[in-house]
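Top to bottom, those sequences are chains A and B. Using this note's numbering, the first residue of the first sequence is number 3, and each one after it goes up by one. Using this note's numbering, the first residue of the second sequence is number 365, and each one after it goes up by one. Beneath this line is the structure, given in structure tokens, with notes to follow.
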Amino acid sequence: MCVLAHVLEAAGIATVALAAMRPVAERIKAPRVLYCEFPLGRPLGVPGDAEFQRKVLRAAFDLLNAPSGPQLVDYPRVVEADETPLACVLPPRFDPDVAASADEAQGLRAAYDRAVARRGTTEVGRSVDADGVPGALAQLERVIAGEHWKEVYGPRLDTLAVAHDLRAYYQEAALELAGGPPPGARQAEAWFFEKTEAGKTLTAARDALKEQGAPEGVTFYLLPVGR
Amino acid sequence: MSSDQTMRDLMASLPVPEFDSTPWASPPPLAEATVAIVTSAGLHRADQDRFAGRGDVSYRMLDRGDRELVLGHWSQNFDRSAFVLDRNVVYPIDRLEELAADGTLGAVAPRHVAFAGNQPDTVSEVRLDTGPAAAAELRADGVDVAILTPV
């Protein structure tokens, strides 16, 4: 991000960068940087709080008044992530003939559909659409049950795309079900990995893939760092 | 340690590109300036190509009126829930419109820019090719000031 600031500024566009990584901003020496210690993924700080966001923007634009740079200023307000799981109900077991994760995903479908209708778009679709989510989970269950990943997926497994689609589907459904004010950063992530069958399946599949000797490129990106 | 702190420590340990000097543009007063958003969140419309998983140096131009955007960045290591609830927490387009309406800034640019932040360590192509190309498009639109938002 701060690299782009150099490029744009050299082209004659005055830049103000909101930075999430202070040491990186210090070393790249972009012209004007407002370091905001906010949760990663929330550069304006707080979703649904227009006044908070406006204050951040005004503080950033204030840097345009500086006569010379580089300018690196700390925004005075800090916002921290919350890693306690989102409070969100999960559907009861419905179809005993399918894996618990696929059954659960099917049970969340109505909430997911409501979320997409409300927002007009979806983050699902890198490897499968919503119809493909139970099947994607069933494939992971086969790997956990001992089938070799190449038997299940063929030679190329884009685990990152699969993981994104599963998390996005669950997250969009959960935010719809939870309602209320926006949750803290990483609450939806904690809910997915700690409370849902799909999250447990993704974690177990990562472990099974490692045991099968799958390349690190297949296993590493299945879960966030630290999970 | 929190997940965000783990990522901040990890990123602080990685190499960053070196710059010998800091360029400095002198824009018109903000109240007369045309302002664009440049984000590294990999945003795109559904009708635009997705960003590739790694090392995609391309960018997408977003029209001022676009609101149904996808968060195309490929990292698993930041919060994605906020963007689903309020795009402005990553892409403050509605906030810019408000600041233009109340006269704080001169105009909202007709087009905005999204790159994907997961880049090779050298960032050479963005520095030499696609970054200048995006800058030229913004200049052609009369952009004076860019607000940069990372994820």
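Each residue gets a CB set at the ideal place from its N, CA and C atoms; glycine is no exception.
Residues of chain B with a CB under 8 angstroms from the CB of Ala83 of chain A: which are they?
Those within 8 angstroms of Ala83 of chain A in chain B are Ser366, Ser367, Asp368, Asp443.
Would you check if there are 3 or more beta carbon pairs closer than 8 angstroms linking the region 183-192 of chain A to the region 209-216 of chain A?
Fewer than three pairs of CB atoms, one per stretch, sit closer than 8 angstroms, so the region 183-192 of chain A makes no contact with the region 209-216 of chain A.
Which stretch, first to last residue, makes up the beta strand (DSSP E) that contains Val402 of chain B?
Run containing Val402 of chain B: 398-403, per the beta strand (DSSP E) assignment.
So, at 6 angstroms on beta carbons, what are the nonlocal neighbours of Glu396 of chain B in its own chain, with the 5 sequence-adjacent residues on each side left out?
When the five nearest sequence neighbours on each side are left out, the beta carbons in the same chain lying within less than 6 angstroms of the beta carbon of Glu396 of chain B are those of Gly470, in order along the chain.
Closest by CA to Ala132 of chain A, which one among A:Thr17, A:Ala101, A:Asp167, A:Asp160?
Considering only alpha carbons, the answer is A:Asp167.
Flag this pair as touching only if the region 396-414 of chain B and the region 426-437 of chain B have three or more C-beta atom pairs under 8 angstroms; answer yes or no.
When C-beta atoms of the region 396-414 of chain B are compared with those of the region 426-437 of chain B, three or more pairs fall below 8 angstroms, so the two segments count as touching.
What residue from A:Thr221, A:Pro41, A:Leu142, A:Val135 has the CA that sits closest to Gln173 of chain A's CA?
Here the closest residue by C-alpha is A:Val135.
Is it true that the region 26-41 of chain A meets the region 69-83 of chain A, where meeting means three or more beta-carbon pairs spaced less than 8 angstroms apart?
The count of Cβ pairs closer than 8 angstroms, one atom from the region 26-41 of chain A and one from the region 69-83 of chain A, reaches three, so the stretches are in contact.
Whole angstroms is fine: what's the gap from Pro456 of chain B's alpha carbon to Leu92 of chain A's?
Distance from the CA of Pro456 of chain B to the CA of Leu92 of chain A, rounded to the nearest whole angstrom, comes to 33 angstroms.
According to the neighbour-count rule (16 or more other Cβ atoms, all chains shown, within 10 Å of its Cβ), is Lys152 of chain A buried or exposed?
With fewer than 16 other Cβ atoms within 10 Å, it is exposed.
Which residues in chain A have a C-beta closer than 7 angstroms to the C-beta of Ala478 of chain B? List them in chain order.
Proximity of chain A to Ala478 of chain B at the Cβ level (cut-off 7 angstroms) is not reached, the minimal Cβ distance being about 11 angstroms.
Proximal residues, the region 98-126 of chain A versus chain B, C-beta separation under 9 angstroms
Using a CB distance below 9 angstroms, the part of the region 98-126 of chain A facing chain B consists of Ala117, Arg121, Gly122, Thr123, Thr124, Glu125, ordered along the chain.
Please list the partners that Ala22 of chain A has in chain B, where partner means a Cβ-to-Cβ separation under 7 angstroms.
Near Ala22 of chain A (Cβ distances below 7 angstroms), the residues of chain B are Pro514.
Counting along the chain, where does the alpha helix (DSSP H) carrying Leu435 of chain B start and finish?
From DSSP, Leu435 of chain B is part of no alpha helix (DSSP H) but of the beta strand (DSSP E) over 433-435.
If you measure from the beta carbon of Gly219 of chain A to each beta carbon in chain B, is any gap under 7 angstroms?
With a threshold of 7 angstroms between beta carbons, Gly219 of chain A makes no contact with chain B.
In whole angstroms, what separates the C-alpha of Asp105 of chain A from that of Gly47 of chain A?
So the two alpha carbons sit approximately 36 angstroms from each other.
Can you tell me where the beta strand (DSSP E) holding Leu20 of chain A begins and where it ends?
Run containing Leu20 of chain A: 16-21, per the beta strand (DSSP E) assignment.
Member of A:Lys31, A:Leu225, A:Val154 whose CA lies at the smallest distance from the CA of Ala138 of chain A:
When each option's Cα is compared against that of Ala138 of chain A, the closest is A:Val154.
Quick test of the definition: if touching needs 3 or more C-beta pairs under 8 angstroms, does the region 453-468 of chain B touch the region 382-392 of chain B?
No, they do not touch.
Straight-line Cα distance separating Leu512 of chain B from Glu125 of chain A
In this structure, the CA atom of Glu125 of chain A is about 22 angstroms from the CA atom of Leu512 of chain B.
So is Met365 of chain B buried or exposed if we call it buried at 16+ other beta carbons inside 10 Å?
Result: exposed.
Put Val75 of chain A into one of helix, strand or coil per three-state DSSP.
Assignment of Val75 of chain A by DSSP, reduced to helix, strand and coil, places it in the strand class.
On the DSSP bridge list, what partners appear for His518 of chain B?
A query on residue 518 of chain B cannot be resolved here, the shown segment of chain B reaching from 365 to 515 and no further.
According to DSSP, residues forming a beta bridge with Tyr37 of chain A:
In the DSSP secondary-structure assignment, Tyr37 of chain A is bridged to A:Ala21, A:Asp76.
What residues from chain B crowd round Thr17 of chain A, counting only those whose CB sits closer than 7 angstroms?
Here the neighbours are Ala510, Leu512.
If Leu20 of chain A sits next to Ala62 of chain A, beta carbons under 8 angstroms apart, how far is it from one beta carbon to the other, in whole angstroms?
Their Cβ separation, rounded to whole angstroms, is 6 angstroms, which keeps Leu20 of chain A and Ala62 of chain A in contact under 8 angstroms.
To the nearest angstrom, how far is it from the Cα of Asp115 of chain A to the Cα of Gly228 of chain A?
For Asp115 of chain A and Gly228 of chain A, the gap between their C-alpha atoms comes out near 31 angstroms.
Do Thr398 of chain B and Ala498 of chain B have their beta-carbon atoms positioned less than 7 angstroms apart in this structure?
Contact flag unset, no.
Any idea which residues DSSP pairs Arg44 of chain A with across the strands?
Residue pairing from DSSP leaves Arg44 of chain A without any beta-bridge partner.
Alpha carbon to alpha carbon, how far is Arg60 of chain A from Phe54 of chain A? Give it in angstroms, no decimals.
Inter-residue distance for Phe54 of chain A and Arg60 of chain A is about 10 angstroms (C-alpha atoms, whole angstroms).
How long is the line joining the alpha carbons of Ala207 of chain A and Ala200 of chain A, rounded to whole angstroms?
C-alpha separation (whole angstroms): 10 angstroms.
Hey, quick one: how far does the beta strand (DSSP E) through Ala147 of chain A stretch, first residue to last?
No beta strand (DSSP E) holds Ala147 of chain A; DSSP gives it neither H nor E.
Tell me the residue span of the beta strand (DSSP E) that contains Leu579 of chain B.
Given a span of 365 to 515 for chain B in the structure shown, any question on residue 579 of chain B remains unanswerable.
Gln483 of chain B versus Glu85 of chain A: straight-line alpha-carbon distance, rounded:
Linking Gln483 of chain B to Glu85 of chain A through their CA atoms gives a straight-line distance of about 27 angstroms.
Contact between the region 414-423 of chain B and the region 476-491 of chain B is defined here as three or more beta-carbon pairs at a separation below 8 angstroms; is this criterion met?
Enough Cβ pairs lie closer than 8 angstroms, so yes.
Along chain A, in chain order, which residues have C-beta atoms closer than 8 angstroms to that of Arg491 of chain B?
Neighbours of Arg491 of chain B on chain A, chain order: Val5, His8, Val9.
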